[in-house]
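Here is the structure we will look at.
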Amino acid sequence: MQNVLVIGGGGREHALCWKLAQSHLFGGVYAAPGNPGIAIAARCLSPSTLTPSGYLTLAEELDVALTVVGPEAPLVDGIVDIFRAAGRRIIGPTAAAARLEGSKAFSKDFMMRAGVPTARAITVPSPHDAISHIDSFGFPVVLKADGLAAGKGVIIAADRAQALDALPKLPPGPVVIEQYLQGEEVSFIVLADGLTARPLAATQDHKAVGDNDSGPNTGGMGAYCDGRILTEAQSTDIMNSVVHPTLAQMAADGTPFTGFLYAGLMMTPDGPKVLEFNVRLGDPEAQSLIHRLDSDLGAVFLENEPLRWKPDPSVCVILAAHGYPGQVRTGDIISGLETCPATVFHSGTRLSANALTTDGGRVLGVTASGPDLQTAIRNTYSAVNHISFSGMHFRTDIGRKGLKRW
Ligand code: AMP
Ligand code: GLY
């Protein structure tokens, strides 16, 4: 039997390992670095360095048939390039293609060239240069720092005073100033092979920390996956207006896109518009997606098996640590996992002195399904009630936006 290696150590990677461990194609599932939850489904290993070459050495030692990359950082750093150069199979984009996520300025320029619908925007060299341009966009206005910022480099300023207050707090470097779009957000992810792509089911993330989308943005406080988020016609429209032009332009640029391409969309009255591209699965979108995936994920990767979805919607609620998304406290003891009836994906946990403790901003992703969305939501929250740790907080309205479609 062949082995598979998953790179990363969060909830998305836990979901990947959990599903790959059920694949008939793999005898051994390895994760680097993994986490205590992943350790239940996979063998967790620490490479000598958390760099693309450290991961390659590990993949060679284990002689894995496939490597799947969870987070964006190793992709932007060129892990796919060095694995392919060494003749190793890996799921993800090259560093050149990963610029779609690594630089907001590159991504915006790319979308204009490819004719992909997106918000009107300009890029200026520094936060200071933005001051003279903000008025031409009206308010609210959206300000985006250029580089990777773990979902926290975007500011929506309600008026001029807020924009002037926020600009100096952005990191130095280019800023994208963007028209504010209204509508419902949808995460639309495809698995691409450079020329063609297989769409995954649509999901919705909940980025703000508080109920009813209040408070600052986070990496995502919960997600649900439900066949009713988009109609067949809407999915086809997104494939035609966003995915195919993107893949065609990437190929024409000499940087064909392979791996998971994630379009963060705003469904506006004028049709879907791209807010951002990511070059990987979303977290926590992946937890809800993989929970609902019926196909053998190993066969999806290695044998082009079609993506089939269970009819039941799935819901993932993130339990966050004290202080998140600001200064996070770690080391709080987690209890109740033993009796929790749902699938619990670990995001930021650690085993210390035989106790499981918090070790990051997003701690656990409690994931369950049900025959309809209302029941899936109820099942998930009743499972959440089993778990507790000091400072634990979560949104109580994950999935509620979807109820209007039932
Ligand atoms: P991004 O990292 O570009 O996806 O931005 C993070 C979040 O900011 C998005 O999920 C949206 O909620 C919000 N956002 C980004 N761009 C816009 C926009 N042009 N109009 C309205 N909201 C936006
Ligand atoms: N949940 C949003 C992201 O993964 O970027």
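Basically the working numbering = 1-based index in the sequence shown + 907. Note that beta-carbon positions come from the ideal geometry of N, C-alpha and C, so glycine has one too.
Start-to-end residues for the alpha helix (DSSP H) that takes in Ser1014 | According to the DSSP assignment, Ser1014 belongs to the alpha helix (DSSP H) that extends over Lys1011 to Ala1021.
Would you call the CB atoms of Val1097 and Ala1108 closer than 7 Å?
-> Val1097 is not a Cβ neighbour of Ala1108, given a cutoff of 7 Å.
How many Å lie between Ile1038 and Thr1264 at the Cα?
-> One alpha carbon belongs to Ile1038, the other to Thr1264, and they sit about 44 Å apart.
Rounded to whole angstroms, what's the CA-CA distance from Asn942 to Asp1266? Just pull it up for me.
-> Roughly 10 Å between the two C-alpha positions.
May I ask which residues mark the beginning and end of the alpha helix (DSSP H) holding Glu968?
-> Where Glu968 is concerned, the enclosing alpha helix (DSSP H) starts and stops at Pro959 to Leu969.
For review: beta carbons within less than 5 Å of any heavy atom in the ligand AMP = The set of residues with any CB-heavy atom separation to the ligand AMP below 5 Å comprises, in chain order, Ala1026, Val1049, Val1061, Glu1085, Tyr1087, Leu1088, Lys1114, Gly1171, Leu1182 and Glu1183.
By how many angstroms is the C-alpha of Gly1189 removed from the C-alpha of Pro1123?
-> Near 19 Å, if we compare the C-alpha coordinates of Gly1189 and Pro1123.
In the DSSP assignment, what are the bridge partners of Met1174?
-> DSSP, once it has assigned bridges, lists Glu1091 and Pro1179 as partnering Met1174.
In the DSSP assignment, find the beta strand (DSSP E) that holds Pro1123 and state where it starts and stops.
-> First-last of the beta strand (DSSP E) with Pro1123: Ser1121 to Asn1124.
Contacts around Ile1062, its chain only, beta-carbon distance under 6 Å, and the 5 residues preceding and following it disregarded | Taken in chain order, the residues that qualify are Leu1050 and Ala1073.
Do the CB positions of Thr1110 and Glu1192 come within less than 7 Å of each other?
-> In this structure, Glu1192 lies closer than 7 Å to Thr1110 by Cβ.
Straight-line CA distance for Ala1115 to Ala1065?
-> Rounded to the nearest angstrom, the gap between the Cα atoms of Ala1115 and Ala1065 is 16 Å.
Sequence-distant residues of the same chain with beta carbon closer than 7 Å to Gly934, five excluded per side = Once the five neighbours on either side are set aside, the close Cβ partners of Gly934 are Met908, Gln909 and Asn910.
Touch test, the region 1194-1212 against the region 1135-1152, Cβ-Cβ under 8 Å, three pairs minimum = Between the region 1194-1212 and the region 1135-1152 there are fewer than three inter-stretch CB-CB distances shorter than 8 Å, so the stretches are not counted as touching.
From the DSSP output, in three-state form, read off Arg1312 for me.
-> Reduced to three states, the DSSP call for Arg1312 is helix.
Any contact of the region 1278-1294 with the region 1243-1255, i.e. 3+ C-beta pairs under 8 Å?
-> Yes, since at least three Cβ pairs between the region 1278-1294 and the region 1243-1255 fall closer than 8 Å, the two stretches touch.
Using the Cα positions of Ala992 and Leu1258, report the straight-line distance between them to the nearest angstrom.
-> If you take the alpha carbons of Ala992 and Leu1258, they lie about 37 Å apart.
Is Asp1053 closer than 7 Å to Gly1080 when the C-beta atoms are compared?
-> Taking 7 Å as the Cβ cut-off, Gly1080 and Asp1053 qualify as a contacting pair.
Which first and last residues belong to the beta strand (DSSP E) in which His1253 is found?
-> In the DSSP annotation of this structure, the continuous segment of the beta strand (DSSP E) that includes His1253 starts and ends at Thr1250 to His1253.
Going by DSSP, name the residue or residues bridged to Trp925.
-> Under DSSP, Trp925 forms no beta bridge with any residue.
Helix, strand or coil: how does DSSP classify His1300 here?
-> His1300: strand per DSSP, three-state reduction.
Go to Leu973, then tell me how far its alpha helix (DSSP H) extends in each direction, as first and last residue.
-> Element bounds for Leu973: not the alpha helix (DSSP H) but the beta strand (DSSP E), Leu973 to Val976.
Whole-angstrom C-beta distance between Met1128 and Ala1227, which should lie under 8 Å | Under the criterion of beta carbons closer than 8 Å, Ala1227 and Met1128 qualify as touching, at roughly 7 Å.
Give the secondary structure of Gln1234 by DSSP, where H, G and I count as helix, E and B as strand, and everything else as coil.
-> Looking at Gln1234 - three-state DSSP - the assignment turns out to be coil, as it is neither helix nor strand.
Evaluate contact between the region 982-989 and the region 918-925, counting only Cβ atoms and requiring at least three cross-stretch pairs below 8 Å.
-> No, the region 982-989 is not in contact with the region 918-925.
Taking one C-beta from the region 1180-1187 and one from the region 995-1010 each time, how about it: are there three or more such pairs within less than 8 Å?
-> Touching, per the Cβ criterion.
Mind checking whether Ile945 and Gly1166 have CB atoms under 7 Å apart?
-> Taking 7 Å as the cut-off, the beta carbon of Ile945 is found no closer than this to the beta carbon of Gly1166.
For the region 1036-1074, list the beta strand (DSSP E) runs that are entirely contained and at least 3 residues long, ordered along the chain.
-> Runs of the beta strand (DSSP E) inside the region 1036-1074: 1048-1052 and 1061-1064.
Got a sec: does the ligand GLY put a non-hydrogen atom nearer than 6 Å to the Cβ of Gly915?
-> No.
How would you write the range of the beta strand (DSSP E) that Thr1256 sits in, first residue to last?
-> Per DSSP, Thr1256 is one residue of the beta strand (DSSP E) stretching across Thr1256 to Ser1259.
Count the other CB atoms within 10 Å of the CB of Pro1232; is the residue buried (16 or more) or exposed (fewer)?
-> Buried, because 16 or more other Cβ atoms sit within 10 Å of the Cβ of Pro1232.
Helix, strand or coil at Ser953 [DSSP, three-state] | Correct three-state label for Ser953: coil.
Cα-Cα separation, His1198 to Thr1175 | Spanning the two alpha carbons is a distance of roughly 29 Å.
Selected residue, minimal CA-CA separation from Thr1143, among Asp1160, Gly1161, Phe1095 and Phe1164 = For the options Asp1160, Gly1161, Phe1095 and Phe1164, the alpha carbon positioned closest to that of Thr1143 is the one of Phe1095.
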